[in-house]
Amino acid sequence: MEYNFRTKKPKNSAGGYSADSLRLLQVTLKLKGYNVTIADNGAEALVQIAESPPDLVLLDVVMPDMDGYEVTRQIKHNSNLPFIPILLVTGSEKSSVVKGLDAGADEFICKPVDKKELLARVRALLRLKHSMDEQLFLSQRREDFVTRLTHDLRTPLIAADQFLKLLQRGVFGNTLSAMRESLEQMAQSNQTLLSMVDTLLEVYQYEAGGKTLDFFVVDLWELCQQVVQELMPLADVKHLTLKAVLAKGTETSLVKVRGDRLELRRLLTNLVGNAIRFSDAGSVEVRLNSTVQGVTIEPDTQISPT
């Protein structure tokens, strides 16, 4: 843990700390495994904090250029800084505690500082820091997950929309029997969307530490063909050839793996959709190749936009 002690220059002892007192506090903290950085005044402390944000700031209220309250306010109002708990060293006056709270301090300790009390308050503030950092990390993971999944939802939605437009134009015929296969593709596409929405509802599992995957035997050849059929309207609009092929000598029985079918389908849909999106001419090919080593099957999926 990085631990920063911010105080005034020890040459002026009017309410501040002497060099011996500072040295004692520094030694006390270092003996407990904390890295301690000392600043001579508030301005220097703010520069150091901006350059390398610490896990904790310990501020003496009395400093030469600006007092600890002002330094606290500037730290708390700096939106570029992460959450940094601030421990103010104050006099015994109640007014100083009130002023510190208004400035944004998280904890207080009165002079003369008791070493055991100091260490206890430092531990408490570092626990608070860890908790806040963890909440921020989980929040960022949730935002990233929702962003990725929202992106993935767009591809089958666009494909279904293209199917509807083609049906409206009569491309697949005007009778129910002629449209049946296309309607089945739309139903499959909508089923994929429903599965993705279900996954979105599981976002809180990510917050808890990771999504639970359901492992079953998945036929990658069948899955690739389904994804290709589902995204065919997107390729047709751009006059691209889209197909799934097996590499020479690869049998369909060798491209079955254990995995989460929904996540594998989401991955293939995302990859093929991106290949179509960024290909202006030619073809998009999903090629399956397997290598057997003992009892291990390693599928190699290649997408080749040209």
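Remember, my numbering sits 49 above the position in the sequence shown when you count from 1. For each residue, glycine too, the CB sits at the ideal point set by N, CA and C.
- For the pair ALA154 and ASP182, the Cα-to-Cα distance works out to about 18 Å.
- Around the beta carbon of ASP104, 16 or more other beta carbons sit within 10 angstroms, so the residue counts as buried.
- Cβ atoms of ASN338 and ASP201 stay farther apart than 8 Å, at about 25 Å.
- Inter-segment contact for the segment 125-144 and the segment 172-180 is present: three or more beta-carbon pairs are separated by less than 8 Å.
- Contact check between the segment 277-285 and the segment 202-211: three or more CB pairs, one atom from each, fall below 8 Å, which counts as touching.
- Around the beta carbon of PHE265, fewer than 16 other beta carbons sit within 10 angstroms, so the residue counts as exposed.
- The residues ARG336, LEU337 and ASN338, in chain order, have a CB closer than 7 Å to that of ALA296 in the same chain once the five nearest residues on each side in sequence are set aside.
- Measuring C-alpha to C-alpha distances from LEU242 to each of ASP309, PHE327, PHE186 and ALA209 identifies ALA209 as the nearest.
- Taking a contact as a CB-CB distance under 8 Å, the pair VAL96 and LEU108 does not count as one, their CB atoms being some 15 Å apart.
- Boundaries cannot be given for LEU130, as no beta strand (DSSP E) includes it and DSSP labels it neither H nor E.
- Exclusion of the five residues before and after LEU272 leaves ARG310, LEU313, ARG314 and LEU317 as the residues of its chain whose Cβ lies within less than 8 Å of its Cβ.
- Secondary structure note for VAL85: its beta strand (DSSP E) is the uninterrupted segment 84-88.
- When the alpha-carbon of LYS125 is set against those of ASP114, PRO102 and THR139, the nearest one is in PRO102.
- Secondary structure at LYS148: helix, using DSSP grouped into helix, strand and coil.
- Here GLN234 is buried, its C-beta having at least 16 other C-beta atoms within 10 Å.
- The C-alpha of LYS164 is placed about 23 Å away from the C-alpha of ASP116.
- In this structure, LEU269 is the residue among VAL138, GLU334, LEU269 and LEU185 with its C-alpha nearest to the C-alpha of GLU300.
- In the DSSP assignment, GLY153 falls outside any alpha helix (DSSP H) and carries neither an H nor an E.
- Taken through DSSP and simplified to helix, strand or coil, LEU107 comes out as strand.
- Cα atoms of VAL195 and LEU185: separation of roughly 15 Å, rounded to the nearest angstrom.
- When DSSP reads this structure, CYS159 sits in a beta bridge with THR139.
- Here PHE265 is bridged, per DSSP, to GLY308.
- Taking LEU167 as reference, the option from GLN123, ASP151 and THR77 with the minimal CA-CA separation is THR77.
- Counting along the chain, no alpha helix (DSSP H) covers LEU291; the unbroken beta strand (DSSP E) around it starts and ends at 290-295.
- Taken through DSSP and simplified to helix, strand or coil, SER101 comes out as coil.
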